[in-house]
Amino acid sequence: MNIFARIAAALDGLLNDMVQAGELPAGLNRAAVTVEPPRDPAHGDMATNAAMVLAKPAGTNPRALAELIATRLRALPDVEAVEIAGPGFINLRLVRTCWEAELAAVHEAGENYGRSTMGEGVNVNIEYVSANPTGPMHMGHCRGAVVGDALASLLQFAGHQVTREYYINDAGGQVDVLARSVHLRYREALGEEVGEVPEGLYPGAYLVPVGHQLATHYGSRFVDAPENEWLALFRETAVAQMMDMIRADLALLGIHHDVFSSEAALQAAGKPEEAEQWLREHDLVYDGVLEAPKGETPEDWEPVELPLFRSTKFGDDQDRPIKKSNGSWTYFGADMAYHFQKAQTADQLIDIWGADHAGTVKRIQAAVAALTEGKVRFDVKLVQMVRLLRDGEPVKMSKRAGNFVTLADVVNEVGKDVVRFTMLTRKADAQMDFDFAKVVEASKDNPVFYVQYAHARIASLGRRVQETFPDGLPAVDSTLFGPEELDLVKQLATFPRVVEAAANAREPHRIAFYLYDLAASFHGWWNLGNDQPERRVIVAGDPALTAARLHLSAGIGQVIRNGLALMGVKALEEMN
RNA sequence: GGCCCCGUAGCUCAGCCGGAUAGAGCAUUCGCCUUCUAAGCGAAUGGUCGCAGGUUCGAAUCCUGCCGGGGUCGCCA
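Residue numbers (this note's numbering): 93 to 668.
Below, the structure is given as structure tokens:
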């Protein structure tokens with residue numbers, strides 16, 4: 093239990109005592125009562141809003157109630173001072189041994205410091221990436237991949253059972269296009285002059301080897317054969333190889349999914365039919381005709397009767413077709429069944445989507461709400477687009493000739509850790525720029541560098557201290573800490589809170605911001621030693637002080653490593 | 001036209017399930033250092049939190065309506 097939760101629990105117990113003593117009515121809802129660090133550290137170590145929240149339902153005023161609570165808080169052994177301020181805040185200051193103990197707890201827990209049981213083992217399925225298996229990963233997929241993966245790690249660390257899943261869209265028209273593109277490369281491999289790849293087919297050279305392989309394997313038997321004889325075979329072969337490429341690309345980023353689900357397999361197993369039947373029985377699917385979209389009507393608009401899901405019952409603007417007029421499933425129809433399937437084994441679902449699919453969020457949430465009867469928490473996290481820049485100039489990309497920036501290109505240029513960290517330096521639903529020059533810049537305004545630099549400085553201490561104190565150091569005496577050192581410990585102590593809050597909000601970027609703040613505090617502390625050698629971590633001639641400061645530094649390093657681990661970034665031992 | 005996201009300092013962005021004088025980096029200005037604890041350090045200036053209402057003891061945060069930017073819009077994935 094972290095230090096804030098511990099004080100919150102003590103407060104809760106003390107409120108119970110007040111009920112017993114008749115100072116508070118029984119049965120008050122305490123859900124809104126918080127214990128958190130105040131915005132201004134001058135107010136103390138922690139603040140609670142208990143008096144303000146409970147005063148009205150208790151029929152008293154905040155200041156009077158605060159007095160009663162404060163009296164009991166003062167009796168707690170961890171509490172050094174209590175003050176009432178503003179409209180009824182209760183500010184408390186903890187005894188310093190609390191913080192000394194917290195630093196010890198960082199060392200004791202090590203890589204587990206910050207781990208939480210908040211998730212209570214709840215089973216969360218998080219689906220991310222799910223790029224179409226028609227080519228290598230490009231930068232458009234990158235952000236969602238990193239955000240999804242970091243969120244998965246974060247939820248795990250916060251006590252959830254996490255499944256990382258990838259949905260392979262191997263059943264739609266695009267994979268047929270892929271198969272036809274491969275057929276062209278297959279003919280090419282057999283010596284045919286194919287010239288320029290026709291419009292509408294995938295031009296990328298990455299399909300050449302697939303064509304070669306098919307040519308080697310099957311010879312010329314499919315060259316002039318009708319499409320129905322080779323389409324499925326070519327499609328499956330191509331998809332399998334594209335997925336190998338995608339897995340390799342993801343591996344470059346350190347991403348490994350637990351489950352790969354195939355849309356084709358889902359359909360072959362009759363899952364969409366099952367979902368449809370269940371929905372029809374509950375009058376949530378009916379056969380109907382949609383109105384033409386408002387605004388401009390498409391020229392080729394023809395009213396058709398289709399099986400429609402009543403998503404309007406769940407807040408969508410329009411009911412949505414689950415099958416096309418040719419009888420095959422729409423993407424939504426299959427996706428609905430897919431989510432239904434995921435909900436069989438998971439307590440909560442999360443999808444990470446590109447913002448270009450924002451328009452379809454309501455219908456899938458409606459479908460999940462319908463099929464699970466509202467029992468499964470389901471979040472769709474939208475990840476906004478990333479603009480690629482080189483020295484401030486937008487990187488030109490044309491889809492033609494496969495001239496797009498691939499994920500592999502970027503990772504090879506700036507490195508996995510830089511890509512991952514940078515993708516987490518904005519909240520997911522805000523657009524961001526990725527400038528090749530800036531992300532590798534060695535300066536204070538590059539958070540990647542700044543955090544890594546802090547860790548490298550700490551790591552350097554371990555190497556250097558042996559030169560200064562070859563005979564070793566005495567045991568740690570944390571009573572030697574001054575206010576600056578204690579402030580750093582207090583900042584470390586908020587890490588478990590940040591983890592829980594970030595997991596709860598499904599916002600992994602908060603870890604990155606926390607680490608940046610922590611690094612900034614560390615650098616500030618470190619810089620005190622610039623003009624005052626006695627303020628350095630390693631103080632020649634003072635082994636006791638050195639031991640204490642080294643202990644704190646190592647604690648900071650530990651928390652930085654733990655945060656970076658959640659982001660999937662390796663901490664550097666030295667800068668190069 | 002509908003829907004979704006965003007709108008906070010000159011710029012790029014944080015702001016934790018509403019909380020006490022709204023934060024950081026860059027830029028600007030002013031000092032310091034020119035170092036071997038490495039690619040600077042310290043400080044100051046700077047904001048009607050897009051606008052207008054509403055809910056609340058209390059709103060950048062929640063609700064409604066506008067304005068501006070981006071995205072998306074029948075059976076594509």
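Just so it is clear, CB atoms sit at the ideal spot from N, CA and C, and this is done for glycine as well.
message: The beta strand (DSSP E) that contains Ala429, what's its start and end?
response: First-last for Ala429: 423 to 437, but that is the alpha helix (DSSP H), not the beta strand (DSSP E).
In three-state terms, what does DSSP make of Pro179?
coil
Spell out the partners DSSP gives Arg479 in its beta bridges. Asp525
Point to revise | Leu376 and Arg402 closer than 8 Å at C-beta | key: yes
Discussion item. By the three-class DSSP mapping on this structure, what secondary structure does Trp393 have?
Written reply: coil
- Query: Which full runs of the beta strand (DSSP E) of 3+ residues lie inside the stretch 310 to 383, going along the chain?
  - Reply: 351 to 354, 377 to 381
**Asked** Are the CB atoms of Met515 and Arg131 nearer to each other than 8 Å?
**Response** no
Buried/exposed call for Asn86, threshold 16 Cβ in 10 Å
With the chain running from 93 to 668 in the structure shown, residue 86 is simply not present.
Exercise for review: Flag this pair as yes or no: are the beta carbons of Val472 and Val453 separated by less than 8 Å?
Suggested key: yes
field: Simplified DSSP assignment, three categories, for His547
entry: helix
Handout entry: Rounded straight-line distance, which links the Cα of Ala520 to that of Ala332
Key = 31 Å
Check this for me: beta carbons of Thr701 and Asn215, under 8 Å apart or not? This structure cannot speak to residue 701, because the chain is shown only from 93 to 668.
task = Put Met231 into one of helix, strand or coil per three-state DSSP.
result = helix
Spell out the partners DSSP gives Pro413 in its beta bridges. Leu400
task = Give the range of the beta strand (DSSP E) segment to which Met515 is assigned.
result = Where Met515 is concerned, there is no enclosing beta strand (DSSP E), although the alpha helix (DSSP H) it sits in stretches over 508 to 515.
Quiz prompt | Length of the line joining the Cα atoms of Val254 and His199 | solution = 27 Å
Requested in this report: May I have the straight-line CA-CA distance separating Asn668 from Trp421, to the nearest angstrom?
Outcome: 54 Å
What's the gap between the Cα of Gly206 and the Cα of Val497? 37 Å
inquiry  = Using DSSP's beta-bridge definition, name the partner residues of Gln253.
reply    = Asn215
| For Phe587, the nearest candidate out of Glu577, Ala567, Arg512, Tyr608 (CA to CA) | Tyr608
My assumption, with CB atoms under 8 Å, is that Arg512 sits in contact with Val651. Please give the rounded CB distance.
Actually they do not touch by this definition, with Cβ atoms about 18 Å apart.
By Cβ distance below 7 Å, which residues in the same chain neighbour Arg598 in space, the five residues on each side in sequence not counted?
-> Leu243, Ile442, Asp471, Lys473
(request) Would you kindly report the start and end of the unbroken alpha helix (DSSP H) that includes Thr140? (result) Not the alpha helix (DSSP H): Thr140 falls in the beta strand (DSSP E), residues 138 to 140.
Is it right to say Ile99 is buried, meaning 16 or more other beta carbons lie within 10 angstroms of its own, or is it exposed?
buried
Open item on the list: Can you look up Leu441 in the DSSP assignment and give me helix, strand or coil?
Closed with: strand
Next on the checklist: Ignoring anything shorter than 4 residues, give me the alpha helix (DSSP H) runs that lie fully in the stretch 579 to 629, in order along the chain.
Outcome noted: 587 to 597, 601 to 619
* To do: Would you please state the rounded distance, in angstroms, between the beta carbons of Phe352 and Ile260? I believe it to be under 8 Å.
  => 6 Å
Original post:
Who are the Cβ neighbours of Leu323 in its own chain at under 6 Å, not counting the five residues just before and after it?
Top reply: Ala271
Short of 6 Å in beta carbon distance, which residues of its chain neighbour Gly180, apart from the five on each side in sequence? Order them along the chain. Ala143, Met144, Pro154, Arg155, Ala158
Suppose the cutoff is 6 Å on Cβ atoms and the five residues either side in sequence are ignored; what does the same chain contact list for Leu73 look like? Lying before the first or after the last residue shown, residue 73 is absent from the chain, which here runs from 93 to 668.
- request: Can you tell me the Cβ-Cβ gap for Leu168 and Ala102, rounded? I've got them flagged as a contact below 8 Å.
  value: 6 Å
Task: Residue from Met524, Asp379, Val506 whose Cα sits closest to the Cα of Val478 - done: Met524
When DSSP labels each residue in this structure, what does Gly446 get in the three-state scheme?
strand
Just how far apart, CA to CA, sit Ala223 and His233? 7 Å
Kindly list the residues whose CB is nearer than 6 Å to the CB of Pro364, restricted to its own chain and excluding five residues on each side of it in sequence; keep chain order.
-> Trp421, Gly425, Ala426, Ala429
Beta-carbon within less than 7 Å of Ala237's beta-carbon, same chain only, minus the 5 sequence neighbours each way: which residues are those?
Tyr220, Val221, Leu342, Leu345, Ile347
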